[in-house]
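Encoded as structure tokens, the structure appears first; notes follow it.
Numbering (our numbering), first residue to last: 111 to 229.
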């Protein structure tokens, strides 16, 4: 996954994600070192205070933060809303470690025409 993130950074590819899991946060960390555009889709209300690591990319106009919920905290329902939003807007989708038991599995099937690859 880290090699993929580094490749996307080096190629200047825009990456859109919720960046909420530990793995996704690590990927965001790699991406923030580059200059490519990044879109963060929150499954909760917008930040009251922008995290320090996001301030510079925002100032450089290479980071967009979108909120799909007014909920104070992310929930399973708001995460699913966010995941559908990301799947709808993305040209290509990468699913990492998604099994038939995963809540993302229905999206993997529904959006299989956009699949980049599965890891």
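Glycine included, every Cβ here is placed at the ideal spot set by N, Cα and C.
Judged by DSSP secondary structure, residue 126 falls within the beta strand (DSSP E) whose first and last residues are 125-127. Secondary structure note for residue 152: it is in no alpha helix (DSSP H), and the uninterrupted beta strand (DSSP E) holding it is 148-152.
For residue 219 and residue 123, the gap between their C-alpha atoms comes out near 24 Å.
Inter-segment contact for the segment 168-176 and the segment 149-160 is present: three or more beta-carbon pairs are separated by less than 8 Å.
Rounded to the nearest angstrom, the gap between the Cα atoms of residue 197 and residue 206 is 14 Å.
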